[in-house]
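Data first, discussion second: the structure below is written as C-alpha cells.
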Amino acid sequence: MSHEEFPTENPAVVTCGLPYANGDLHIGHLRTYVGGDIYSRSLRKLGQETAFVSGSDMHGTPVAVNAEKEGVTPEEFALRHHEKYEATFPRFDIDFDNYGHTHDETNTELTQEIVRTLESEGYVYEKEIPVAYDPDADQWLPDRFVEGACPYCGAHARGDECDEGCGRHLEPGEIEDPTSTLTGNPAEYREREHKFFAVSDLQEYLQEFINRVEGTSNAQNQPREWIEGELQDWCITRDMDWGIDYPGDEADDLVLYVWVDAPIEYISSTKQYTERVGADVFDWEDAWKESGDIVHIIGRDIIQHHTVFWPAMLKGAGYIEPRAVMASGFITLNGKGFSTSRNRAVWADEYLDEGFHPDLLRYYLATNGGFQQDVDFSWSKFRERVNSELVGTVGNFLYRSMLFAYRNFEGTPAADVSEEVRDRIQEAIDEFGAAINDYSIRKSGNAAVRLAQFGNEYIQRNEPWKLTDEDPEAAAQVIRDCVQIAKAIAVIFHPVAPAKMQALWEQLGEDGAVADTHIEDALETPPASFGEPEALFEKIEDERVEELNEKLAERVAATESESDESEEDADESMADESDLEPIADDRISFDEFQELDLRVGEILDAEGIDGADKLAKLTVDIGVEERQIVAGIKQLHDLSDLPGKKVIIVANLEKAELFGTESNGMLLAAGDQADLLTTYDDATPGTKVQ
Numbered sequence: 001m002s003h004e005e006f007p008t009e010n011p012a013v014v015t016c017g018l019p020y021a022n023g024d025l026h027i028g029h030l031r032t033y034v035g036g037d038i039y040s041r042s043l044r045k046l047g048q049e050t051a052f053v054s055g056s057d058m059h060g061t062p063v064a065v066n067a068e069k070e071g072v073t074p075e076e077f078a079l080r081h082h083e084k085y086e087a088t089f090p091r092f093d094i095d096f097d098n099y100g101h102t103h104d105e106t107n108t109e110l111t112q113e114i115v116r117t118l119e120s121e122g123y124v125y126e127k128e129i130p131v132a133y134d135p136d137a138d139q140w141l142p143d144r145f146v147e148g149a150c151p152y153c154g155a156h157a158r159g160d161e162c163d164e165g166c167g168r169h170l171e172p173g174e175i176e177d178p179t180s181t182l183t184g185n186p187a188e189y190r191e192r193e194h195k196f197f198a199v200s201d202l203q204e205y206l207q208e209f210i211n212r213v214e215g216t217s218n219a220q221n222q223p224r225e226w227i228e229g230e231l232q233d234w235c236i237t238r239d240m241d242w243g244i245d246y247p248g249d250e251a252d253d254l255v256l257y258v259w260v261d262a263p264i265e266y267i268s269s270t271k272q273y274t275e276r277v278g279a280d281v282f283d284w285e286d287a288w289k290e291s292g293d294i295v296h297i298i299g300r301d302i303i304q305h306h307t308v309f310w311p312a313m314l315k316g317a318g319y320i321e322p323r324a325v326m327a328s329g330f331i332t333l334n335g336k337g338f339s340t341s342r343n344r345a346v347w348a349d350e351y352l353d354e355g356f357h358p359d360l361l362r363y364y365l366a367t368n369g370g371f372q373q374d375v376d377f378s379w380s381k382f383r384e385r386v387n388s389e390l391v392g393t394v395g396n397f398l399y400r401s402m403l404f405a406y407r408n409f410e411g412t413p414a415a416d417v418s419e420e421v422r423d424r425i426q427e428a429i430d431e432f433g434a435a436i437n438d439y440s441i442r443k444s445g446n447a448a449v450r451l452a453q454f455g456n457e458y459i460q461r462n463e464p465w466k467l468t469d470e471d472p473e474a475a476a477q478v479i480r481d482c483v484q485i486a487k488a489i490a491v492i493f494h495p496v497a498p499a500k501m502q503a504l505w506e507q508l509g510e511d512g513a514v515a516d517t518h519i520e521d522a523l524e525t526p527p528a529s530f531g532e533p534e535a536l537f538e539k540i541e542d543e544r545v546e547e548l549n550e551k552l553a554e555r556v557a558a559t560e561s562e563s564d565e566s567e568e569d570a571d572e573s574m575a576d577e578s579d580l581e582p583i584a585d586d587r588i589s590f591d592e593f594q595e596l597d598l599r600v601g602e603i604l605d606a607e608g609i610d611g612a613d614k615l616a617k618l619t620v621d622i623g624v625e626e627r628q629i630v631a632g633i634k635q636l637h638d639l640s641d642l643p644g645k646k647v648i649i650v651a652n653l654e655k656a657e658l659f660g661t662e663s664n665g666m667l668l669a670a671g672d673q674a675d676l677l678t679t680y681d682d683a684t685p686g687t688k689v690q
C-alpha cells in the first residue's frame, strides 16, 4: 500500500459493503454501489490497475429468522436474494469484476484459514460468557433472536447492535431485559464458552492506522472513541447452524460471527477474479498481501466494523491494511426514511420499469451533496436536477454544438484546438484527478458538468452562427473547439454516465469503447466526420412527477390498510422514518416567544466528547462572546466540516452539565437527523432572531 497520488504502481481493489441477502433493493441501497462503480471506473480512467469486487452477505440471524418464517432453508432464502442482486446491479451499469457470496467454497476456505492464522498468532482465546437462552424453545439466542434494552443508552436494541439508539456494537450478554424473538418470552442468561478475537492487543496499531487511513472524514473520526478508549475484544462465534463453521473439531457446534466472514469476502471475491482472468491480468495476492491500494466504500452505519475490527483482522492474519474508507450518508425519501414495511420506497426495479435511464439516477446519487452527507430523494428534486443540469447544461451543449458541426462541416472542422479551450479541458482533467485523490465522487462528476457550462458560455460568446458567412475560418475554429469539448465530456463524464457517454462516443464517430479511454484522451483529436447527433437526455415533465407521487402515496396507503404491521415492522418503521408530529394545541403568547433570546452564532470549533456516542462540544461565536455548547450531533455531522457554519442558538437557556461538560446554550436543529438551522444570508454572529 502507498499514500502516493493515484495512479500508483500498485494494484488497487475497490470494494462495496456487502448487501445483506434479506430483501429487495431500493434506490437508497444503490448509493454506495453506484459510488463504488464510479470510483473504480475513475481510477481506471487515471490509468490505475483496478479490481472492483463485492458479494452478497449470506449469513447471520436475520436470514435465519426470515427463512424460518417462509419455511425454507437459510441457504435457499439467501441464494434467492443473491441471484436477484446479481441480476439487478448490471441494470444500473454497476460493473463488478467479480460478485460472489459469503457462503461459497472460496470464502469458506479463506475465512477458516484466516481464523486459524489468528489463532496460531495468539489473537484468539476462549472465554465463558453469559448468552441469552430461551427455555421454552430450548434454544440459545444469538444476535437478532434476542432483543431488549441497550446497556449504554437504554434504547431498544436487537442482537449485536443498538440500532435505535447510540449505534454501539453489542457483545453477547450485554442486552438488558432480554426477550426471545422466537416466543416473545423473557430470555435468561446462561454461561457458555465462546471464542474471542483479542482486538485490544492491536489497539496501538489501530491508533496508528486511524491516523493514516484516507477517505471520508466521518470514517476517520467516528471510530476514534473506540480506538482511543477502552477497546473491547470481539466474540467471534455464535450458537447457530447457519454460517461458516469454526475451524477445528473442538468447536463443531459453533459458527463464526457474520462480521468475520463478511469482510473476508472482499479478499475471496478478488481471488475469484484472479482465478478467472489470470494473475498476469490481476494478482489478488499482490493486492492483498504485498502492495495493494485497498479502498472500501460503505454506508456510515458500518464504519466501526471497517476501521476497527477489519483492519485488526488483516493485521493479525498478515494481510495489508486498507488505504481508504469512504463512508456515505443515508438516503431519505421526501424527507422521511425508507420504510420497506410500509412500501414507502422507490424500488430499484420500479425505477427502471418506470422507463427512466439508469444514468439519470447515477448522476443524482453521485453529485447531490458530498458522499458522506445525507441526501434526500424526491421525484420533484430528481426532475429538477435532470432538467436543469443533464438536459439544460450537458445535453444542451452537446446537441447544439455537434448539430452545428454536422450541418456546417459534416463533422470536426479542420483546425487546431485553441489555447483557451485546450487549457480549459486540461483544467477539467486536473479537477477530475484531484477529486479522485480527494475521494470526492461529487467533484469528479461536476468536473464534466462545469466543462459543459463553459462550453455553453463559449459557444454563446462566440456566436458561430453569425460567423459562417462573415468569417468562415473563425466559425470553424469555434466549432472545432466545441467538438473537442464534447469529446472531453465523453471521457470525463463516462464514470458517472457510462451508457450515455458511450452513445456520445459513437455519435462523435469514435471507434471502440469510451470505457477503454484514459483521461488524457480528452485532448486527442476527434474523428473528421460524424453523422447527425441525437439528444442524449430528455426533459421530465411535471405531470410525470405528479403521477409518480400519486403512485407512491397510493401504494403506501394500500399497504397500511391491508394489515396491521407486525411488531418487527413497527420497530423498523420507528427506526426508518421520521413522521411529522402534530402541531401542539396549546399556544404561547407573543410576549412568551420574545422571552427566548435566539441568536445567530458561528461555529469556531467542534469536537466529540470522549465516552459519549452522540455528544459534541462546540465553541460558538455569538458576537458579544464565545460560548461552549454541547449538542447531540456527533454521529449525524462530520464535526470537521462544522467550523465556519452559521447556526441559530437559544442564548438565554439555563446552563447545564452533560456528560461532565458544561453547556451554555442550545443549538437549534430540525428532525432526527439534526438538520442545523442556519441563515439565508450572511448575518453577523450575535444578530438577534425575531
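Residue numbers for the sequence shown, in full-length UniProt numbering: 1 to 690.
Yeah, the Cβ is synthetic: ideal placement off N, Cα and C, and Gly gets one too.
Please read these numbers as outputs of a predicted model, since none were measured by experiment.
Residues near residue i by beta carbon distance below 7 angstroms, same chain, minus five either side
{"i": "A503", "result": "L536"}
{"i": "L206", "result": "I227, V308, P311, A312"}
{"i": "I622", "result": "R599, G601, I649, A651, P685, G686"}
{"i": "G509", "result": "G411, P527, S529, F530"}
{"i": "C162", "result": "C150, Y152, C153, A155, R168, L170"}
{"i": "A575", "result": "Low confidence applies to A575: its pLDDT is 31, below 50, so where it sits in the model is not reliable, and the reading given next is rough at best. Same-chain partners within the cutoff: D163, E164."}
Coarse secondary structure for residue i, derived from DSSP in three states
{"i": "A327", "result": "strand"}
{"i": "S40", "result": "helix"}
{"i": "S339", "result": "strand"}
{"i": "residue 695", "result": "An answer regarding residue 695 cannot be provided, because it is not within the stretch 1 to 690 covered by the chain."}
{"i": "K315", "result": "helix"}
{"i": "P74", "result": "helix"}
{"i": "V417", "result": "coil"}
{"i": "E427", "result": "helix"}
{"i": "I264", "result": "helix"}
{"i": "D621", "result": "strand"}
{"i": "R450", "result": "helix"}
{"i": "L642", "result": "coil"}
{"i": "P223", "result": "coil"}
{"i": "K127", "result": "strand"}
Under 9 angstroms between C-beta atoms of residue i and residue j
{"i": "V213", "j": "E321", "result": "yes"}
{"i": "M402", "j": "L118", "result": "no"}
{"i": "P19", "j": "H29", "result": "yes"}
{"i": "I297", "j": "P223", "result": "no"}
{"i": "P130", "j": "E191", "result": "yes"}
{"i": "Y189", "j": "A132", "result": "yes"}
{"i": "K634", "j": "T661", "result": "no"}
{"i": "I609", "j": "V624", "result": "no"}
{"i": "E147", "j": "R158", "result": "yes"}
{"i": "Y319", "j": "E534", "result": "no"}
{"i": "A323", "j": "S42", "result": "Inspection of the sequence shows that residue 323 is occupied by Arg rather than by Ala. In this structure, S42 does not lie closer than 9 angstroms to R323 by Cβ."}
{"i": "A21", "j": "H81", "result": "yes"}
{"i": "P186", "j": "S180", "result": "yes"}
{"i": "D638", "j": "N221", "result": "yes"}
{"i": "Y33", "j": "I114", "result": "no"}
Close-in-space but distant-in-sequence residues of the same chain around residue i (CB under 6 angstroms, 5 per side omitted)
{"i": "N98", "result": "V53, S269, Q272, Y273"}
{"i": "Q48", "result": "F6, P7, A12"}
{"i": "A474", "result": "L467"}
{"i": "A447", "result": "A428, E431, F432, I492"}
{"i": "F92", "result": "P358"}
{"i": "T237", "result": "H194, K195, Y246, L254"}
{"i": "R480", "result": "P413, A415"}
{"i": "E384", "result": "none"}
{"i": "E568", "result": "Only weak support is given to the placement of E568: the predicted model assigns it a pLDDT of 37, under 50, and the value that follows is read from those uncertain coordinates. Closer than 6 angstroms at Cβ, skipping near neighbours: no residue."}
DSSP bridge partner residues for residue i (one or two, in chain order)
{"i": "C482", "result": "C482 pairs with nothing; no bridge assigned."}
{"i": "M666", "result": "V650"}
{"i": "Y20", "result": "D57"}
{"i": "C235", "result": "F196"}
{"i": "S529", "result": "G411"}
{"i": "D675", "result": "A670"}
Cβ-based neighbour list, residue i, same chain, cut-off 8 angstroms, excluding 5 preceding and 5 following
{"i": "I519", "result": "K45, L46, G47, I429, F432, G433, V491, I492"}
{"i": "E354", "result": "L548"}
{"i": "F655", "result": "In the sequence as displayed, the identity of residue 655 is Lys instead of Phe. Taken in chain order, the residues that qualify are E662, S663, N664."}
**Prompt:** Do the stretch 362 to 374 and the stretch 431 to 449 touch if we need at least three Cβ pairs shorter than 8 angstroms?
**Reply:** yes
**Asked** At a cut of 8 angstroms, does the stretch 406 to 419 reach the stretch 473 to 488 through at least three beta carbon pairs?
**Response** yes
**Message:** I'd like to know if the stretch 75 to 90 and the stretch 329 to 345 are in contact, where contact means that at least 3 CB-CB pairs between them fall below 8 angstroms.
**Reply:** Result no; under three Cβ-Cβ pairs closer than 8 angstroms.
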